[in-house]
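Residue numbers (our numbering): 12 to 819. We put the beta carbon where it would ideally sit given N, CA and C, even for glycine. This report concerns only the one structure given below.
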Amino acid sequence: MNPLLEPLTPAQREAVQHVDGPLLILAGPGSGKTRVVTHRIAYMLESGVPPSQILALTFTNKAAEEMRGRVHALAPGRRVWVSTFHRFCARLLREYAPLVGLRENYTIYDTSDSQQALKRSIEELQIDATHYTPQQIATSISWAKNNLITAETYQPRPGHPLGSVVAKVYPAYQARLLNSSAVDFDDLLLHIASLLRENPEVRHTLDERFRYILVDEYQDTNLAQYTIVRALSLDHPNLAVTGDPDQSIYGWRGANLSNILEFEQDYPHVRVVRLEQNYRSTKRILSIAAHLIEHNLRRKQKGLYTDNDEGRPVRLVTYFDQKTEADTIATRIVDDVRAGRRRPRDFAVFYRVNALSRAIETAMREHGVPYQIVNGVEFYQRKEIKDVLAYLTLLNNPRDDVAFQRVINTPARGIGKTTLDRLRQHATLKGKTLLEAARESGLVDSLAKKTAVVVARFVAMFDRLSLLAARPVEEILGNVLAETGYRDMLGTSENVEDQERLANVEELLTAAREFDARHPGNGHLEEFLEESCLVNDTDAWEAADDRVTLMTLHASKGLEFPVVFLIALEQGLIPHERSTSSVDDLEEERRLLFVGITRAQEELSLSHARRRLFRGREMMTVPSQFIFEMPREEMDCGEILPTKVEWDQTKSFDHDDESEWQSEIAHDPDATSESDANADSGDDEFAFGANLHATGEGDEDRDSSQTGRARSPGSTPATIAPLATAAELATAAESTSEARANQPAASTVPPEAFYQGMLVRHPAYGLGKVVALSGSDSQRKATVAFASGAGQRSFVLQQSPLRPVKPS
DNA sequence: CGTAATGAAATTTTT
DNA sequence: TTTCATTACG
């Protein structure tokens, strides 16, 4: 038999062998979906489908990378296009930009850039939008775009005040983007969808080009994505989608469950394959999950089953308060780890909202449990990174007004709000971009002479940098850092935060260098920028670290852990108070819990607390309604919960206002005496404050190690070590400044030893500073600015007489 | 023009 | 409680 098919079950095999015609793979959690998809691609290639005709679309870069890697392992050397929806669209848009009114060097705005543009638009219109936040308006526009409603076609619902504001702002915002030759994330999809609709011949060409399309996580597609996929599958309806309606948790981002539920209507001759066998969880865990999700109406019936063991009962625990909850969990982990039953990385704690992580964090610290929080400040969202990238963006697309406004006074050049306002006014008047306006700052009457000169100086600097636009990215970036004074601004600062920022900028330099290595030749700035805003490095959850993982339910999708703690199952939190208004919202909350439960492989613990400190207030809580939807036979209830009816009764005794599910706790002395009761099934006593699990580091390091995306207690995460080193190097370099440096040893200096900002000595030109670097190994070049008046010169490092100036 | 101070608000966040 | 954004000062 074909070795590709051998490790597969009959159902999986059926899916893999289906090559032509539409295919719907309904894949339950832990059913080996990725394996099926990758094997199917390999099988198609084996059957003679040319790789260039295959397109696989995912939502996340992580998923795309994984799929690409696994296809590569199965079918080495075949280049199949595996990409996220957004990157795929971005690429197509480069080809067809003029058709939608853009230039091919268009900029992609991330969420905060878009927000800037939106704010400007609102200001400009001078409409009474005070009752709505830009955020609300942004959400509305995003919703419209996801539903293919353009600025021209947007119609507010009569009597809808927000709608009528959006009706005014949306066109202005869109005009602004177009004028800057920029798109937001939603536009990437919207433009391509429109393009395909309005240009039949383009559609036909692309349909022809991508004859075999696969879409992962199809339950998460929105109308725009649906339309694109559909448009590319008319002549060649070889469309295979995989997904699970029960795992759709991004409805609030525009995902439309109907896409997967009605797939069979869209493609009449579709083959439907159900992957219902679960290879991940115990029977009990799966049973709980299955029963819970049965309560949803909008779904497809599935018969989940597993050959795995029955496993231990799922624990359902009522805690006295959040601290008890957190401490008990920490203690349990400590016990298991000390007994050698588990390692820290086997555990995960999930919660509905990030704010709930705090109590857990504290407990983990107190008990000396190493942990990592997934999420945190994203690298590319940091101010310094955005600043520096904005320079590159402006070099790539000088029309980009958002980038212009970001960089014009960073570092401070004395060009403030007033000046900017005047430039803006001039630009609007003359129908020009801000950079064009700045270019003729002398002609702007309202501008003071002195200010006009400062602006002109900025433009001159920009023009100098422009000459480098086609050079390797690392080199451009290095020059930007030097010319703009950004490096000096951070380097000369005593501020610890600035030092950290500098380290981050160094990190970006490294990223640029790696990018250059991957893209030999010149003129790849645009691709670098695209990658920077479309690739999110947060994906890299460190499975390698032996730490307990703390994350939101949303973030847990796609992962699995031997032991899972699901905390704070309380009304108002899950289902979240803002998601109880409609049945659809409520069902999504239920799916969220379903996703969380099905991440657990061996042990699962569900818990809630009777009272919870939230937003500075301690509140009485009501157990989540979902708790009552799970079968008690499979569970071990440490403390018997009252049934929902009983609970409602008690509640009506205590409080007459039924509608208020949470009420502040009056200080009740009785409550305190009751508080010693350990709500857990009696596992162990707590050991508050005892550092049971010594990790070797003291109590310092409370919260400072925020640099990496994973905030960790105790030991500094390995990921930030190189940053620290870079920072040290940088500081060292600065401190050695000025002349009295010793002569370096005569031995050859390897090209890698040079870094940007480094002080060097040249036998003829004297002391200089490395401004930019590019290339690698024997090709590595440095641009050096000399103090002696020799100006800037470029050297091939391996042959150059440049020597580092040693710190004295 | 930059920073301190005050006040309102508070999910989830694949790109 | 914490975070943010706008506003009021120096």
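Inter-residue spacing [alpha-carbon to alpha-carbon] between residue i and residue j
{"i": "R529", "j": "H280", "result": "43 Å"}
{"i": "A183", "j": "L189", "result": "10 Å"}
{"i": "L603", "j": "Y290", "result": "20 Å"}
{"i": "T591", "j": "L597", "result": "5 Å"}
{"i": "G322", "j": "D198", "result": "48 Å"}
{"i": "I340", "j": "D647", "result": "16 Å"}
{"i": "R393", "j": "T144", "result": "23 Å"}
{"i": "H247", "j": "R98", "result": "22 Å"}
{"i": "D320", "j": "R352", "result": "18 Å"}
{"i": "Q803", "j": "N533", "result": "21 Å"}
{"i": "T69", "j": "F96", "result": "6 Å"}
{"i": "L403", "j": "F473", "result": "10 Å"}
{"i": "T444", "j": "N515", "result": "31 Å"}
{"i": "E614", "j": "I296", "result": "8 Å"}
{"i": "I260", "j": "A764", "result": "48 Å"}
{"i": "L434", "j": "M78", "result": "48 Å"}
{"i": "Q767", "j": "E505", "result": "20 Å"}
{"i": "V466", "j": "A449", "result": "6 Å"}
{"i": "F865", "j": "E581", "result": "Absent from the structure is residue 865, since the part of the chain shown begins at 12 and ends at 819."}
{"i": "D687", "j": "R621", "result": "Its pLDDT being 34, under 50, D687 is placed unreliably by the model, and nothing is read from it."}
{"i": "A801", "j": "L778", "result": "10 Å"}
{"i": "R410", "j": "G43", "result": "47 Å"}
{"i": "R354", "j": "E571", "result": "15 Å"}
{"i": "E106", "j": "M631", "result": "58 Å"}
{"i": "A485", "j": "L113", "result": "One detail in the question is off: residue 485 reads as Glu in this sequence, not Ala. Distance between the alpha carbons of E485 and L113 is about 27 Å."}
{"i": "V816", "j": "L545", "result": "39 Å"}
Residue i classed as buried or exposed, judged by whether at least 16 other C-beta atoms fall within 10 angstroms
{"i": "P812", "result": "exposed"}
{"i": "R369", "result": "exposed"}
{"i": "S799", "result": "exposed"}
{"i": "K397", "result": "buried"}
{"i": "R220", "result": "exposed"}
{"i": "G427", "result": "exposed"}
{"i": "V807", "result": "exposed"}
{"i": "G502", "result": "buried"}
{"i": "A7", "result": "Here the chain has residues from 12 to 819 only, and residue 7 is not among them."}
{"i": "P381", "result": "buried"}
{"i": "Y330", "result": "buried"}
{"i": "R90", "result": "exposed"}
{"i": "N13", "result": "exposed"}
{"i": "L478", "result": "exposed"}
Contact set for residue i: own chain, Cβ-Cβ below 6 Å, skip 5 residues either direction
{"i": "A463", "result": "S452 and G453"}
{"i": "A300", "result": "F605, I608 and T609"}
{"i": "G262", "result": "E599"}
Same chain, Cβ closer than 7 Å to residue i, five either side skipped, listed in chain order
{"i": "D695", "result": "Low confidence applies to D695: its pLDDT is 31, below 50, so where it sits in the model is not reliable enough to give any reading."}
{"i": "P762", "result": "D788, R791, L808 and Q809"}
Sequence-distant residues of the same chain with beta carbon closer than 8 Å to residue i, five excluded per side
{"i": "L159", "result": "L201, A204, S205, L234, A235 and T238"}
{"i": "S123", "result": "Q392 and K397"}
{"i": "V656", "result": "Reliability fails at V656, whose pLDDT of 49 lies under 50, so the model's placement of it is uncertain and the value that follows must be treated cautiously. Cβ neighbours of V656 beyond the five flanking positions: none."}
Near the ligand NAP: residue i beta-carbon under 7 Å from a heavy atom
{"i": "V82", "result": "The ligand NAP is not part of the structure shown, which contains no ligands of any sort."}
Length at least 3, wholly inside the region 520-583: the beta strand (DSSP E) runs in chain order: Here the runs fully enclosed are 559-563 and 572-577.
Any 3 or more C-beta pairs closer than 8 Å across the region 614-626 and the region 50-68: Inter-segment contact for the region 614-626 and the region 50-68 is absent: fewer than three beta-carbon pairs are separated by less than 8 Å.
Ranges of the beta strand (DSSP E) found wholly within the region 572-648, counting only runs of at least 3: Listed in chain order, they are 572-577, 611-625, 628-631 and 646-648.
Secondary structure, alpha helix (DSSP H): runs of 4+ residues fully inside the region 275-317: You should have 294-304.
Complete alpha helix (DSSP H) runs within the region 213-263 (minimum length 4 residues, chain order): Segments of the alpha helix (DSSP H) lying fully in the region 213-263: 234-242.
Contact between the region 564-580 and the region 536-546 (3+ Cβ pairs under 8 Å): For the pair of segments examined, the region 564-580 was found not to touch the region 536-546: the number of CB pairs separated by less than 8 Å stays below three.
Completely contained alpha helix (DSSP H) runs for the region 157-214, where each covers 4 or more residues: Listed in chain order, the complete alpha helix (DSSP H) runs (minimum 4 residues) inside the region 157-214 are 172-190 and 196-209.
Ordered list of alpha helix (DSSP H) runs contained in the region 65-119, each at least 4 residues: Those alpha helix (DSSP H) runs which fall completely within the region 65-119 and span 4+ residues are 72-85 and 96-107.
Cβ contact (3+ pairs, closer than 8 Å) linking the region 781-792 and the region 514-529: Yes, the region 781-792 touches the region 514-529.
At least 3 beta-carbon pairs within less than 8 Å: the region 154-169 vs the region 221-232: With the cut-off at 8 Å, the region 154-169 and the region 221-232 do not touch.
The region 557-566 in contact with the region 359-378 per 3-pair CB rule at 8 Å: Yes, the region 557-566 is in contact with the region 359-378.
Inter-stretch contact at 8 Å, needing at least 3 Cβ pairs: the region 73-80 / the region 291-304: Judged by Cβ distances under 8 Å, the region 73-80 makes no contact with the region 291-304, as fewer than three pairs qualify.
Completely contained alpha helix (DSSP H) runs for the region 343-379, where each covers 4 or more residues: Within the region 343-379, the complete alpha helix (DSSP H) runs of at least 4 residues are 368-377.
Given 8 Å, three or more beta-carbon pairs between the region 310-317 and the region 58-68: Verdict: no, contact absent.
The region 127-135 touching the region 266-280, judged by at least three CB pairs closer than 8 Å: No, the region 127-135 is not in contact with the region 266-280.
Cβ contact check for the region 149-158 and the region 169-183: 3 or more pairs under 8 Å: Segments in contact, yes.
Entirely enclosed alpha helix (DSSP H) segments - the region 391-454, minimum 4 residues: Taken in chain order, the unbroken stretches of alpha helix (DSSP H) that lie wholly in the region 391-454 and span 4 residues or more are 394-407, 412-418, 428-441 and 445-450.
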